[in-house]
Structure formats: C-alpha cells, structure tokens
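Participant:
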Amino acid sequence: MGAVTVSDERGGWSLIIRHPQAVAHSQSDAAAPAESVGDRNDRNSKRQNISIMKRSKPSGATGRKRKKEQEESKVKDRAALEKYLKKPPVAGEGTSDFPCTSHSEECEGITSIVCESTIAAPSDPAYYPGPSESTIAVPSDPADCPGPSAVPSDPADCPGPSESTIAVPSDPADCPGPSESTIAVPSDPADYPGPSESTIAVPSDPADCPGPSAVPSDPADCPGPSESTIAVPSDPADCPGPSESTIAVPSDPADCPGPSESTFAVPSDPADYPGPSESTIAVPSDPADCPGPSAVPSDPADCPGPSESTIAVPSDPADWPALSDTVRMELVRRGPYHLKSDFTFPKKEGGRSCHHHYFYRRLVNGETIKRSWVVYSKKNKSIYCFCCKLFSQKEYQLISSGLNDWKNCTDKLKTHENSPEHSRHMTLWKELETRLEKGLTIDKVEMALMEAEKRKWREVLTRLVAIIQSLAERNIAFRGTTETLNQPNNGNFLKEVELMAKFDPVLKQHVAEVQRGTTNISYLGKRIQNELIDCISGKIGDHMVKEIKQSKYFSIILDCTPDLSHTEQLSVIIRLVTTQDTPQIKEHFMGFLEVEQSTGESLSTLILKRLEQLDIPFEDCRGQSYDNGANMKGKRKGVQARLVQINPRALFVPCGAHTLNLVVADAAKSSAEATSYFGYLQKLFTLFSASTQRWSILKSHVNITLKSWSDTRWESRMNSIEAVRYQAAEVRDALLEVRDKATDGVVKIEAQSLAEEVGSYRFAICTVVWYDILTNIKHVSKMLQSVSMQLDIAVDLLRKTEVSLVSYRGNGFASAQASAKDICGQMNVEAVLKQKRLRSTKRQFSYESQEEQVSDALKKLEVSFFNMVVDVSIASLQERFKTLGEVEKKFGVLLNFPDLPKEDLTKQCETLSNTLSWGGQSDLDKRELALEMQNFPALPKANMTTLELLTFLQEKKMNEVYPNMWVALRIAVTIPVTVAAGERSFSKLKLIKTYLRSSMAQERLNGLALISINRKVSGQISFDDTINEFAARKSRRVRL
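Counting from 56, one number per residue, gives the positions in the sequence shown under this note's numbering.
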C-alpha cells in the first residue's frame, strides 16, 4: 500500500497519507515518462480509499437509521487507518523526503503526511461543487508547515465534528456566490478561475506576500493557536499554486492541536454542523449579508472600518487621553506642538517663568540644537518630555504633572536628556515616525483607511465651517425650533446644509448617513456649532493679535452700551498701523466684555485683564480714546487717568465726533429760540407719524419725509431740518390738508398752529441758520469717523470749522434773512416779524441802570438767537478740543520740521522724546531725531500728512536711514481721534442679539461679532487651520 486516502467525493476534500514506498514511487514516477490518463486512473483505483460521504439530513426513522450506519462506517474507517499506520516501512526508502531529527522515534515509519485540499470531482455532475467552496493545500515538506491548524498523524488525536469547521452546504444551490469570502478551485487545472474571481493568489516570491496573513519564517514569530493564519512556506519552491492555500501539519503528533483549537474538521452528518455560537466561519447564502472586517472594498475611501474607533488627540500634553496604540500613532504622526517664537510665557508668583532657551541645547562649541522633545502645556504652565510621556511606564515630573521648577529647569533638562531611558524612548519615537512617514508600519492598510476617513470628515467640516462663516457674516440666526434635518422649522444652518447636500456629493453622503442612522456622528448639533464658531473667532483673534505684535505700537478705543437683555457691553477696539507693504491703519474689534460696574476702576481693571488674556503688553500702548463720560475721561478717577498712571505714554484723546456733538448741544441750549425751534420740528414729525392717513397726506406733498432726531446724536437733526429747509411750502400745505380732513378737534388745532408756525418769517430764519451751521459740522463729523483719520488732519479740520463759524458770525444773519424771504415767497406769506410787547422791569436799586430795550424784533432775533448760537459754538469748539490740540502740538514737529529753525527743532524734538519716555525707556533718541529731520530729503509735495510721510519712507525704503523718524510717525498715526469703531460695533450688536436671540450666551455673542465685524480678516483664515484647532481642543470620536 502506497498511501491511504480519506476523501469526500461530494465535499471536495481528501487526506492522503503516504508510505515511504509510495514516496519512493512518486520520486521514480517523476523521472519516468508521463503516463496516460487511463494508466493513472487504473493505478489510483488500486489505492485504498476511505470515503466519508456527506448526505443531506433525512427526517424520521430513515434518517436515524442512516445516521447510525454512518457512525459505524466511521469506526471501521478509523480502525483501518490505525492498522495501516502500524505497518513498518521499508528500510532506507524515502528518508530524504521527511527528515525527522528531533522526533525520530515518533516520526519513524512515516516520511510525509500531506493534506491535499484538492477538489475530488464526483461522478455525478449534479454534485459538482460551486465556485464558492474553499480549497486547502499543504506543501509536501512538513518543516515548511507551521501552525496551529495542523492535522495530526494519529487519527485518535484528530478533533471531532464539534470543532470549528468550514460549513459547506450539501445542496449546490445553497452555495454562496463569488462575492463571499470563499475560495473556489476546480479539480481540473484547465478550469482554474481567472484573476477576477475571489481567489487567494500567493506570489512565487515570499517578499511579495503582503498583509497580516503572512507567516514569518521563524516559528517563534508564529501567532498562537487561537489565530487563524494561512501559512506561506519560506521556500518559494514549496509555495502552492494560486488557487491553493496551505494548512500546516506538524511532524510531532504531540504538537497536534486539541479539540478546542481552530482545526478544520468537517462532520459527515449535517446535523452535527456547529451552530453560530461556535467558532465557525459561517458563509451566508446572500452576499449582501456578509459585513465583517474581512470584507475590504477596493476603494479605501469607502471603508469606515477601523478608523471609526480612532480619536483626534488634543495638542496640549496635559489634555492627552489614555495612551493607546492609536493615540500614540496619532501623536507621533502629528508631532510635538511647538510655540511661536513671539509667545510670552506667564510668570509664577515669584516672578519666574519659562523661556524659549529651554527649548534649545547649547553645545560646548557654541552651537545650539533644538530640543524637539520639549513640549509646553498652556493649561498647566509647565513643560513635558514628548517621547517619554508616550512610551515610558514610569511616573515622574516630566511625564505626569510637567516641570515648572524654572530655577532648576536647565539642570533637570540636561540630566533627563542624558539618561538612557530618554535615549531609548527617543529612538522608539524617531523609528515610529520614520515608519509612519514611509508607510512601513504593519497596519499600513489600516492606516490608509484611517487617512481616507480623516479626509472624509475634514471635507464635511470644511463645508460646515463655510456655512457658519457665511451666516455669521450676514448676522443671520442659526437655529430654529427643532434640530432635525428636513423639518420645516429647523433653522437657517440646517437649511443651508440641506440645500448644499442637493448639489454637493460630500454633504449628500453625510446627510444620507445621518438620516439612515449608520453614523452617530453628525457634527450638526448646537454644541458643535458653538465650538466651530469659537474656533473661527479664535483664529481671527490670533491673526489680529499677531498683527498687533508685529506692529508693536497700538492704541485702545473703548465704548459702552446696554444690549437687549439689559447687560452693559464694553466694546474693545485696538488701532494699529501695519508696515509690511504699504502702511495701513487698521482698527480691530477684539470683542465685547460684560460690565458689572461702570466705574473707572472697574472698567480699567477689565480692559487690562483682557489685554493680558490676549497676550498683548500694555507697555506698548501709545494712545487711548473714549467718549466724554465722567467715568472715562475723569482727570483723577476716570479710566484714562488710571491707565496713564500705569503707562504715561498712553496719551488720552477724547472722541472728536462726540466732542463735536457736544458743541452743537451747547449751542442749542444757549437760546430759548433755538430750543423751541427743535420742539416744533419734533411736533411736526409726531403729528404726521401718529396716523397712516396723515403720513400718506405728507408723502403726497413732499419728496423728502420728515425725520425724527436723537438726543445724543445731534448730527441726526440735520436730516429733520433738511425736509423743512427745501420743502417748507409743501409741509405747510400738508398741514392745512390735515386740518381740513381731521375729525378730531385736537388734531385740527395742532395742525393749524403748526401751519402758522411753519409759515412764519421767524421759523424760516431759524431753519436757514441751523441748516447752515449743521451742514458745516456734519461734514467734519463724517470725516472724523473715518478709520484712516489722523491726528493732524483732525486738528486741521476743526481749525477750518472754527474759521468758518467766525466768518459766518459776521455775515450769516443777513444771508439767512435773504433765504428766509425766498421761503416765505414760496408760501405766499409776508416776510415780517411780529412785534411783541416789551416788558418793563422794576429796578431794585437806584444805582442800577435801566436795561436797554431792543425795539426792533429782527434785531432782537439776531442778538438772542443768532449771535448766541454762533458764539457758544465757537467757544465750545475751542474749549472742548483743547486736549486734542495739546496732543497734536507734541507731534507737530513731524510735519513742520522743514520750516523750523535749528533751535526750535531741537527743542520740539526733545519735547516729543520726553513725551514718549517713561521708566528709563524711550521710544526716540532726541538728538538723532533732530539730525534726521535736518538731513531729511526733499518732500515730494508740501503739507503732507503723517501717513503720507510714513508711506514715503516705506516706498523709498529709507526706514533704516531715518529710524527715529520712522518710529515717531508710526506712533503719531496710531493715536486715535474718534471712537466711531465702537459705535459701529454697537450697530452689529443690535443685529446679532435681537429680541428672538436675547438669551444668547456671551461666548457665542463674541464669536459671532468677531466674525461679522472683522469679515476681512475672516476671509484670510484657512479652513484647514480652523479644523486643526477644532480637532486639537479635545478628543474627538473621529480622526481629524
């Protein structure tokens, strides 16, 4: 007997045990000429076959009888196999085929055991197996067969039918299709499937064998018996064909796995097939039901797989989660987070702090090497060792709580980096980093899937960030009454997502997954909205802070207002001058601050704390501008006084627009005629606006409707006067029509009295005078509110306004009379002032002279109204802008230096240098500044502004030739003139925090306001930077 074959004709498997004689015959057959098919069949028919036939499970008594016969047949087959194995081999034959060196006694007589998983073609074509059945091929050399799935030589050690088997259905119609994870190999090589079928191709070169299914050549590296591996021999000659897979058979029967190991035993009776609770490989009939981690799609981007269990790790080492392999790989891939070179470290109570030189190591030859392993934690205000925190199992300061002993920090860092443990961890870190960069990790397929999943989520977040930015810039509400997709009232944010999902494939797929419930992560909720808003606004703030630090010098602008929820909001504006390309003045809105108390002490403490949070040194502040409130401009306890005590170089300039407004207010209160005039204007607006019918009557007569005026913004009264100045006759006709059509007696009388007042000569003169004064002031006020307004231009405008008022004082009343007569002519009324009865006053003492009575009504109007209004305006303009003039005078030398003699130039340079000096530090060198002005080149034109001079130096690249002039001009341009930027932020506040959004949190309000007001800066922020910030803030459920 050459071999014993145990086979299943319909199942497609066979076990062949060869005797040494059979091995010798096989070797001789290899050298002999090829035999015919008939001879080979005749020879094979002489072999002893032990067949275990698989049949479909019968029912009733017939099934029980057949099952009993099968069990008896198994016993007989096992006895015949044991009898055959006890026969001694022929001495000297086949010893080279199966070298038994370590177990010669146990292996004696058996030269090779080959478990060939060929598919035995049954005689009946109805029993031909389907293409989904799997083939198991074993090489002839047992030394090449590793593994836990070995088949023992002793049948007594073979596992029973209860072990984990591969279930093969008896009915070919139940065989799964080629999409399932099976390997179909026909018995005839000519019928081998092509590469498109689901076969496992084993390359001839072991170096080309990828994946975790490869078995190393060293048996010590083989996985345990619980792992189901496919062994690939180290010798390429022993590699099976493309359609075969190998099951290793150990030479020592003692090494055969027990029943609990994952051997591939197929019971003969289908009733004994293991259930789903056992460790079987179940192949469902429907390929759509085969999910499983083993199903890997061709496109890695479509594989959610293992990437769903990964997390995004925060950059701060104090916030790192538990260090799993996934977290370590993510941290190594990202690398340690390094601070910017201009970062200012906070100081401890003793005054010590971390320094940037701790991140570098100085060698004895003077060279410096960067310590890439040193990581600073902003949360704990300490430093960590990046590699030791990743790989060390010990607990010490550089790993657990961080090192913040700044006094001994240098020595401790030097001791740590020279330790062998640190060197070992550095080696592990760099080796893993190199493998990740080159894609040489064991789980590179999984890493590819993770990268694909990361790209998917970043694309989703990019679109969500764009939607949030668009809504915030337009001050549109985000949420509705529900937060569910495809609902009527789910808010503007979700509606934008739904709209974009109709045209964008990324959002379309994401929305579909959310609606199907296949993912628990949507990033569409309100908390994620707040986080993304905070990330966007944080990046905007970082960009603005970077510009402020680059410019060095800045000024602060503050203004307060109550919001809709009756909370006092302090608007913080920082003014600076950028000098990268062309000098440009910018005013950055830094956010709103909740004010608990409006005192000077509380407000000054609040702004200093905010500057500290933004890491902006107040020592570089060179200007401050507020409104004219006592708590802001107070000389002793105001905000400006308290800040000047801390930094005397922070020059205070009151708001020019507010001051000009107060000039008009003072003029209006100076005369009874002026006060009563604005009272009549308000009555006109109230009468018409109180009724829609009366308003329609007014609109039918005039082109410019009447406007209401504000108590605080006197400039708004210009709009209310304009309608009466050029449409007095039309307004009077509208009043008369209201009188005729009114049914209410009160309305009739009021319309009649207002019509008489509008048609009077006195009202026409007051209208013309106020219109002329406010027109001039309105023009100056609008120019002062410009962002690019400079100190010298503002003072020049105010001087021209003062000159204009003085000139108007001389001839303004006569011109006003002429214009008033034209208005009266249009209304067909007589241009005459009615003479009022003169009052006689009783003298209290005899020495008092009798008051001079003005008998002329026109002269009295000129004295009591015109002269009073104009004189008070001029006096108030000179008094209220005195502070602004003093500050401008200190910087006046920067503009008039070409016309100054040497002595005056030196004196003014010294004054400017002393103004910008404090605490032993100075921004300018007075002597060098005077020399630079004396040697300054010819100016391209006369009367240049400070910004034009700064631009001239920048364009000519002469800032290094005249450095003191360069610094002085930058400071002069930085000083603010008005707080109009704060007023503009209040307009945005009213649009963001509305009646329906009055419960908005302060953080969300600040974030939306930063995006809306600083929209130019918002357009410069990269989506990737925002997403990186979002991923680094805390651990995420997906990798970003």
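Glycine included, C-beta positions come from ideal geometry on N, C-alpha and C.
Just so it is clear, the structure is predicted and the values come from calculations on it, not from any experiment.
Taking just the CA atoms, how far does residue 989 sit from residue 961?
Facilitator: 10 Å
Participant: Do the segment 364-384 and the segment 425-434 touch if we need at least three Cβ pairs shorter than 8 Å?
Facilitator: yes
Participant: If we ignore side chains and look at the alpha-carbon of each, how far apart do residue 695 and residue 968 end up?
Facilitator: 21 Å
Participant: From the DSSP output, in three-state form, read off residue 516 for me.
Facilitator: helix
Participant: Alpha carbon to alpha carbon, what distance is there between residue 1023 and residue 939?
Facilitator: 18 Å
Participant: Taking the straight line between their C-alpha atoms, what separation do you get for residue 447 and residue 411?
Facilitator: 25 Å
Participant: Out of 836, 1046, 575, 1068, point me to the one whose CA is closest to residue 532's CA.
Facilitator: 1046
Participant: So, do the segment 461-478 and the segment 413-426 have three or more beta carbon pairs nearer to each other than 8 Å?
Facilitator: Counting Cβ pairs under 8 Å, three or more are found: they touch.
Participant: Name the DSSP beta bridge partners of residue 759, please?
Facilitator: Paired residue(s): none; residue 759 is not in a bridge.
Participant: Helix, strand or coil for residue 614 per DSSP?
Facilitator: strand
Participant: With distances taken Cα to Cα, identify the nearest neighbour of residue 788 among 926, 1003, 1037, 808.
Facilitator: Residue 808 is the option with its Cα nearest to residue 788.
Participant: Rounded to the nearest angstrom, what separates residue 670 and residue 1004 at their Cα positions?
Facilitator: One C-alpha to the other measures close to 31 Å.
Participant: Closest to residue 378 by C-alpha separation, out of 454, 922, 501, 409, would be which residue?
Facilitator: Answer by Cα proximity: 454.
Participant: Is the Cβ-Cβ distance between residue 616 and residue 624 less than 8 Å?
Facilitator: yes
Participant: Counting beta carbon pairs with one atom in the segment 1024-1037 and one in the segment 708-717, are three or more of them shorter than 8 Å?
Facilitator: yes
Participant: Roughly how many whole angstroms lie between the Cα atoms of residue 983 and residue 1065?
Facilitator: 42 Å
Participant: Taking the alpha carbon of residue 941 as the reference point, which residue from 881, 847, 868 has its own alpha carbon closest?
Facilitator: 847
Participant: Taking C-beta to C-beta, are residue 644 and residue 662 nearer than 8 Å?
Facilitator: no
Participant: Taking the beta carbon of residue 979 as the centre, do at least 16 other beta carbons fall within 10 Å, making it buried, or is it exposed?
Facilitator: buried
Participant: If we require 4 or more residues per run, which alpha helix (DSSP H) segments fall completely within the segment 985-1027?
Facilitator: 1001-1010
Participant: Could you tell me the alpha carbon to alpha carbon distance between residue 1041 and residue 747, rounded to whole angstroms?
Facilitator: 31 Å
Participant: Whose C-beta lies closer than 8 Å to the C-beta of residue 975 among residues of the same chain, with five residues either side of it excluded?
Facilitator: Closer than 8 Å at Cβ, skipping near neighbours: no residue.
Participant: Nearest to residue 1069 by CA position, among 936, 396, 597, is which residue?
Facilitator: In terms of CA proximity to residue 1069, 597 leads the group 936, 396, 597.
Participant: Which stretch, first to last residue, makes up the beta strand (DSSP E) that contains residue 867?
Facilitator: Counting along the chain, residue 867 falls outside any beta strand (DSSP E), though it belongs to the alpha helix (DSSP H) covering 846-882.
Participant: What's the call for residue 439, buried or exposed, on a 16-neighbour Cβ count within 10 Å?
Facilitator: Result: buried.
Participant: Suppose you measure from the CA of residue 738 to the CA of residue 553; what does that come to, to the nearest Å?
Facilitator: 51 Å
Participant: Following a CB-centred definition, is residue 952 positioned closer than 7 Å to any heavy atom of the ligand FMN?
Facilitator: Summarising the ligand content, the structure contains no ligands, and the ligand FMN is consequently not present.
Participant: Below 8 Å on the Cβ atoms is my guess for residue 725 versus residue 927; work out the distance and round it to an integer in Å.
Facilitator: 4 Å
Participant: Check residue 1078 in the structure and name its three-state DSSP category.
Facilitator: Under the three-state reduction of DSSP, residue 1078 is assigned to helix.
Participant: Between which two residues does the alpha helix (DSSP H) holding residue 1063 run?
Facilitator: 1057-1068
Participant: Apart from the five residues just before and just after residue 408, which ones in its own chain have a Cβ nearer than 8 Å to its Cβ?
Facilitator: 400, 401, 402, 461
Participant: Go ahead and label residue 866 buried or exposed: buried means 16 or more other beta carbons lie within 10 angstroms of its beta carbon, across all protein chains shown.
Facilitator: Around the beta carbon of residue 866, fewer than 16 other beta carbons sit within 10 angstroms, so the residue counts as exposed.
Participant: Among the residues of its own chain, which have a CB less than 8 Å from the CB of residue 675, if the five just before and after it don't count?
Facilitator: 607, 608, 609
Participant: Measure the Cβ-Cβ separation of residue 783 and residue 819 and say whether it is below 8 Å.
Facilitator: Yes, these two residues count as a Cβ contact at 8 Å.
Participant: In terms of DSSP beta bridges, what is residue 438 paired with?
Facilitator: 431, 458
Participant: So, is residue 354 buried or exposed, given that buried needs 16 or more other C-beta atoms within 10 angstroms?
Facilitator: Any reading at residue 354 must be qualified, since the residue scores a pLDDT of 41, below 50, and its modelled position is unreliable; the value itself is stated next. It is exposed - the Cβ of residue 354 has fewer than 16 other Cβ atoms within 10 Å.
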